[in-house]
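**Q** Top to bottom, those sequences are chains W and Z. For the first sequence, my numbering assigns the number 6 to the initial residue and increments by one for each residue that follows. For the second sequence, my numbering assigns the number 9 to the initial residue and increments by one for each residue that follows. Shown below is the structure under consideration.
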Amino acid sequence: MAEEKTILLERDELGRTISRMAHEIVERATTPNEVALIGIRSRGVHLARRLARRIQEIEKIAPPVGVIDVTPFRDDRAQEQDSPAIGAFEVQIAVDEKTVVLIDDVIFRGRTIRAALEAVERLGRPKRILVAVLIDRGARELPIRADIVGKNVDASDGQRVNVLLEESDGVDQVTIAHWQGRTTS
Amino acid sequence: MRSLISIADLTNDEIEEIFLLADAAQKLRAEQPARGQIMATLFYEPSTRTRFSFESAMQRLGGSVISCSDMRSSSAVKGETLADTAKVVSAYADVLAVRHNWDGAVQAMVEHADVPVINAGDGGHEHPSQTLCDLYTLRKEKGGLKGLTVVVCGDLKNGRTIHSLVFALARFGANVVTLAANGMELPQYVIERLEREYDYALAPVAADDLNAVVTETDALYLMPKQPHQLALFTQVDQVIQARLNTLASGLRYDAFYMTRKQKERMKEGTTEGSYPTIGPEFLRQQHFKDTVVMHPLPRVDELSPELDKDRRGIYFKQAAYGVPVRMALLKFLFDRRGAKPTSASPRSRAYESPEELGPQCRNLNCVTLKEPASARKRFEVLFAGEIGTLILACAYCDHRFKVEFIGHVASKRYCAYDQAFAETTRGWLQNHQLAIFDSIKAAEEMGYEPFKSGPQRALMNEAEIKNALSAMSEQILRECRDPDRLLILGVRSAGSQLAQRIALEIETRRGRKVELGEIEIYGSGDELRRVAPAEPDAAPLTLKNREVILVDDVVHTGRTVKSALSIIFRSGRPQSVRLAVLVDRGHREVPVKPNYVGKNIPSSDQDRVRVKLRGVEQEERDQVVIYSIMTPVASSHLSIGGDEKTAVP
């Protein structure tokens, strides 16, 4: 089974996309110091830290960055054995009366975000919760939306969207893999 | 003077003090501290152990007992109220031990008695002296309570001992595993107290038999204040089971707490379905070698007779501890007869309706409904939950329910409660200006008029609503993968009405029935905050692999939908959830997006959108209206203060 890859975002484009997303986050918030970012492990955390740096450049205020691992809240996680930690929040931040931005690399079924919402609820009562993702690949199974999207990708069930980030993968790149010789189900 | 209604009336230190007294029961017996004292036992429900052990305890302390062999042969049959009985018997005895079949009945007696009253079980509410015995037994057998893992099994809904026990275990830092028989999960108010007061996450599991536990596949764990709260799965699939097993293998089960099927508290016809039992297999499992089995007794057939001879079956010992523990409890209460009642309990900061037709407890077995003459309706006011719902908690039975209408006493105006009024409502509460009504009818009967709001503008008429629902139904049917797996879930109460209409519409198109259920975002005790079939007697809904259509009237901040999603995912694992709303008015605060929308209505923050449906609240026709609120918030001269500590987040 050969795998055919298409590059969706290259390094520079990815940088610009993150920049634009940072601006959008700032625009959405009433005041810059009410913004709190929560990265969803693991690539969502890298993205959250990058967004925080960009926001700091724009607003001179660095928003706090929380880290969340939604594994224990996910109802269908399981196939992924690579998450050793099962605690919900690895880095807790104050969320009361904040504009909380949940950040992930890809939004797909919506289950991860739903699980993250549940975890945030346990932490406090934010003024508002936004979702920011680098890639929205559609095909939601839950009535959940991404408010800030880097790029919309129309991917079928059998395709895999890979977000590679320097922090974890040594390279900034988003690809989509088409599986050959396999029907989508 | 102190009474004991709930295990919450005692602090941990006080419970330890009672246990130390129980350890020295022989000494108490020699000292006879109750000499010359009389205990009256008033049992309106049958009992062997509780009653005998109370009577034995009193006599061993040197006191004596008066009693009626069966309260049904007492003046109660002549219609004597609890209040009168409490007053009268107070003159004959120094302490009362009361069992009653109504929730909150003992609290009602406390309010009229002049001597300490002990709750020996009130309906499905609490049974604190049993809990003391249970805790004492565990402490005796296991050396302490902190860090123990206790599996509570069976009927967790009707078992009052279970409710008291889980609160107490939570307080002492024990882990609780719940293993509910089908449809007999812990009631919502118990769950919420656990979550709010003890930082517990709940893990109810519907188990067919204890086999599931024996293989460690279906058990879930409540671990207070620990990072790995595996609490949110209720229907566990195989892969998650594997994860659970890894955790479970490190877990030592200290005790199984079995309960009896409470047939007398069940509705007719709801007794089918298997019930957890402990069989011989349990005894042979290596990892249960140190697991003790407790049971409040009487038992039906939950325990294998083999267990009687096994050292791990400690239920007879548990029953025997009933006497020293109750001796200790009596001594403890006698020592405090001069003391002031504790004020920690919510009963002391209760709300009473300023109007005659105030709110009613939704628990039909509550003493406030069964015998209003003995129990002045009082509630704790809470601003709770994700959507800032105004909640009343009954001071007698602890059941919680949502406030529908609020009024301002001085101006005699009322309106439907909306989270936007939370601050105003707090102010009114503080200034004793808050009226609460269950219905418009009640408000108007009390001479209240609706708050003057801006002119109402109709946004959708009857035909438009019909067309919108029809179009949505068609789209739902077209987009679903397998119509047989459809489940239409309405958010109570307006959403359920619409869900019904959509289901009907789909049924007409398909020519086949579609399953209909509803979600109570904030339910009273019986209607758990969970998914339930629309027909009260229908079989429980399964969510696994279903295509759920969640139906609500208006989507606004999205918080209601978010709560509904939490509830759905606590109850099962659907394949998908899609959201259908009649009106989307924007202003989202959480990332929720409806899939089917009847009409998008741009609105400002000051606007209110109401979906009025025929037959609901005396509406004569279907209509969607928008109006701006000149209701309580705008009429600010009515709201004073507003920063009061009634909120419990």
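Even glycine gets a Cβ: it sits at the ideal position worked out from N, Cα and C.
When we look at the beta-carbon of Z:Phe324 and count the other beta-carbons within 10 Å, is it buried (16 or more) or exposed?
**A** As a working note, residue 324 of chain Z is residue 316 in the second sequence. Counting Cβ neighbours within 10 Å, Z:Phe324 comes out exposed, since fewer than 16 surround it.
**Q** What ranges does the alpha helix (DSSP H) occupy inside the segment 113-162 of chain W, keeping only unbroken runs of at least 4 residues that lie completely in it?
**A** Here the runs fully enclosed are 116-128.
**Q** Is the shortest distance between the beta-carbon of Z:Leu494 and the beta-carbons of chain W less than 8 Å?
**A** Stepping through the second sequence from its first residue, residue 494 of chain Z is reached at position 486. Judged by the 8 Å Cβ criterion, Z:Leu494 is not in contact with chain W.
**Q** Check whether the Cβ atoms of Z:Ser666 and Z:Arg593 lie closer than 8 Å to each other.
**A** Because chain Z in this structure spans residues 9 to 657, residue 666 of chain Z falls outside the shown range and cannot be described.
**Q** Tell whether a beta-carbon distance below 8 Å holds between Z:Val125 and Z:Leu104.
**A** As a working mapping, residue 125 of chain Z is identified with position 117 in the second sequence. As a working mapping, residue 104 of chain Z is identified with position 96 in the second sequence. Cβ atoms of Z:Val125 and Z:Leu104: closer than 8 Å.
**Q** Pick from Z:Gly44, Z:Arg59, Z:Gln45: whose alpha carbon is nearest that of Z:Phe51?
**A** As a position in the second sequence, residue 51 of chain Z is number 43, starting the count at 1. For Z:Phe51, the nearest C-alpha among the options comes from Z:Arg59.
**Q** What's the C-alpha gap between Z:Leu549 and Z:Val198?
**A** Stepping through the second sequence from its first residue, residue 549 of chain Z is reached at position 541. Stepping through the second sequence from its first residue, residue 198 of chain Z is reached at position 190. Cα-Cα distance, rounded: 22 Å.
**Q** Quick check on W:Ser173: buried or exposed, where buried means 16 or more other Cβ atoms within 10 Å of its Cβ?
**A** By 1-based counting over the first sequence, the position of residue 173 of chain W is 168. Exposed, because fewer than 16 other Cβ atoms sit within 10 Å of the Cβ of W:Ser173.
**Q** Mind listing the chain W neighbours of Z:Glu431? Cutoff is C-beta to C-beta under 9 Å, in chain order.
**A** Along the second sequence, read from residue 1 onward, the residue named residue 431 of chain Z stands at position 423. Correct list: empty, because the minimum Cβ distance to chain W is about 14 Å.
**Q** Got a sec, what are the start and stop residues for the alpha helix (DSSP H) Z:Ala94 sits in?
**A** By 1-based counting over the second sequence, the position of residue 94 of chain Z is 86. Where Z:Ala94 is concerned, the enclosing alpha helix (DSSP H) stretches over 90-98.
**Q** Quick one: what's got a C-beta closer than 6 Å to Z:Ile15's C-beta in the same chain, skipping five residues either side?
**A** Here residue 15 of chain Z refers to the residue found at position 7 when the second sequence is read from its first residue. Cβ neighbours of Z:Ile15 beyond the five flanking positions: Pro136, Thr139, Ser172, Phe175, Ala176.
**Q** Taking Cβ-Cβ distances shorter than 7 Å, what residues in chain W pair up with Z:Lys601?
**A** Sequence index remark: in the second sequence, residue 601 of chain Z carries index 593 (1-based). By Cβ distance, chain W contributes Pro148, Ile149, Arg150.
**Q** Secondary structure at W:Ile45, three-state DSSP: helix, strand or coil?
**A** Within the first sequence, the letter at position 40 stands for residue 45 of chain W. DSSP places W:Ile45 in strand when its eight states are reduced to three.
**Q** By a C-beta neighbour count over all protein chains shown, 10 Å radius and 16 as the cutoff for buried, is W:Gln178 buried or exposed?
**A** Taking the first residue of the first sequence as 1, we reach residue 178 of chain W at position 173. By the 10 Å Cβ count, W:Gln178 comes out buried.
**Q** Would you call the CB atoms of W:Leu56 and W:Leu139 closer than 8 Å?
**A** Within the first sequence, numbered from 1, the residue matching residue 56 of chain W stands at position 51. Within the first sequence, numbered from 1, the residue matching residue 139 of chain W stands at position 134. No, they are not a contact pair.
**Q** Whole angstroms is fine: what's the gap from Z:Ala572's alpha carbon to Z:Ala511's?
**A** One-based indexing of the second sequence puts residue 572 of chain Z at position 564. One-based indexing of the second sequence puts residue 511 of chain Z at position 503. Rounded to whole angstroms, Z:Ala572 to Z:Ala511 spans 19 Å at the Cα level.
**Q** Please name the residue or residues paired with Z:Val605 in a DSSP beta bridge.
**A** Residue numbering aside, residue 605 of chain Z sits at position 597 when the second sequence is read from its first letter. Note: Z:Val605 sits in a beta bridge opposite Z:Val589.
**Q** Rounded to whole angstroms, what's the CA-CA distance from Z:Asp534 to Z:Phe577? Just pull it up for me.
**A** Numbered from 1 along the second sequence, position 526 holds the residue referred to as residue 534 of chain Z. Numbered from 1 along the second sequence, position 569 holds the residue referred to as residue 577 of chain Z. In this prediction, Z:Asp534 has a pLDDT of 41, which is less than 50 and means its spatial position is unreliable; nothing more can be read from the coordinates.
**Q** Does DSSP put Z:Thr550 in a helix, a strand or coil?
**A** In the second sequence, residue 550 of chain Z corresponds to position 542, counting from 1. Three-state result, Z:Thr550: coil.
**Q** Just to confirm the assignment, what range does the alpha helix (DSSP H) spanning Z:Phe342 have?
**A** Within the second sequence, residue 342 of chain Z is the residue found at index 334, counting from 1. Taken as a continuous stretch (DSSP letters only), the alpha helix (DSSP H) holding Z:Phe342 covers 330-343.
**Q** Hey, quick one: how far does the alpha helix (DSSP H) through Z:Leu146 stretch, first residue to last?
**A** For the purposes of this step, residue 146 of chain Z is identified with residue 138 of the second sequence, where counting begins at 1. Start and end: 136-150.
**Q** So which residues of chain Z does W:Leu135 contact, with C-beta pairs closer than 7 Å?
**A** Position 130 of the first sequence, counting from 1, holds the residue named residue 135 of chain W. The answer, in chain order, is Pro599.
**Q** Closest to W:Thr117 by CA distance: which of W:Gly155, W:Val125, W:Val75 is it?
**A** As a first step, residue 117 of chain W is located in the first sequence; it is residue number 112 there, counting from the start. Among W:Gly155, W:Val125, W:Val75, the Cα nearest to that of W:Thr117 belongs to W:Val75.
**Q** Determine which residues of the segment 563-587 of chain Z have a Cβ less than 8 Å from any Cβ of chain W, and write them out in chain order.
**A** Hits within the stretch, in order: Val569, Lys570, Leu573, Ser574, Phe577, Arg581, Gln583, Ser584, Val585, Arg586, Leu587.
**Q** Can you list, in chain order, the residues of its chain with a C-beta nearer than 7 Å to that of Z:Tyr144? Leave out the 5 residues immediately preceding and following it.
**A** On the second sequence, residue 144 of chain Z is found 136 positions in, with the first residue counted as 1. Excluding sequence neighbours, Z:Tyr144 sits near Phe27, Ala30, Tyr329, Val333.
**Q** So W:Ile118 contacts chain Z; which residues on that side make the cut at Cβ distance below 8 Å?
**A** In the first sequence, counting from the first residue as 1, residue 118 of chain W sits at position 113. Near W:Ile118 (Cβ distances below 8 Å), the residues of chain Z are Pro599.
**Q** Indicate whether Z:Val160 and Z:Val184 have their beta-carbon atoms separated by less than 8 Å.
**A** Start at 1 with the first residue of the second sequence, and residue 160 of chain Z comes out as number 152. Start at 1 with the first residue of the second sequence, and residue 184 of chain Z comes out as number 176. For Z:Val160 and Z:Val184, yes; Cβs fall inside 8 Å.
**Q** Using C-beta distances below 8 Å, list every residue in its chain close to Z:Asn553, excluding the 5 sequence neighbours before and after it, in chain order.
**A** By 1-based counting over the second sequence, the position of residue 553 of chain Z is 545. Answer for Z:Asn553: Arg493, Arg581, Pro582, Gln583, listed in chain order.
**Q** Identify every residue that forms a DSSP beta bridge with W:Lys10.
**A** Stepping through the first sequence from its first residue, residue 10 of chain W is reached at position 5. DSSP lists W:Ala182 as partners of W:Lys10.
**Q** What would DSSP say about Z:Phe62, mapped onto helix, strand or coil?
**A** Residue 62 of chain Z sits at position 54 when you count from the first residue of the second sequence. Here Z:Phe62 sits in helix by DSSP.
**Q** If you check the beta carbons only, do Z:Asp92 and Z:His108 fall under 8 Å apart?
**A** Mapped onto the second sequence, residue 92 of chain Z falls at position 84. Mapped onto the second sequence, residue 108 of chain Z falls at position 100. No. Outside cutoff.
**Q** Which residue from Z:Lys570, Z:Glu360, Z:Val589, Z:Arg370 puts its Cα closest to that of Z:Asn682?
**A** Nothing can be reported for residue 682 of chain Z, as the shown portion of chain Z is limited to 9 through 657.
**Q** With 8 Å as the threshold, decide whether the Cβ of W:Glu123 is near any Cβ in chain Z.
**A** One-based indexing of the first sequence puts residue 123 of chain W at position 118. Yes, its Cβ sits closer than 8 Å to a Cβ of chain Z.
**Q** With a cut-off of 8 Å on the beta carbons, I'd call Z:Arg43 and Z:Leu341 a contact; round off their distance for me.
**A** Taking the second sequence and counting its residues from 1, the one referred to as residue 43 of chain Z is at position 35. Taking the second sequence and counting its residues from 1, the one referred to as residue 341 of chain Z is at position 333. Not confirmed; about 16 Å, so no contact.
**Q** Using alpha carbons as the reference points, say which of Z:Met454, Z:Gln631, Z:Ile13, Z:Leu467 lies closest to Z:Thr363.
**A** Taking the first residue of the second sequence as 1, we reach residue 363 of chain Z at position 355. One point to set straight first is that residue 363 of chain Z is Glu, not Thr, in the sequence displayed. Ranking the options by Cα distance to Z:Glu363, first place goes to Z:Met454.
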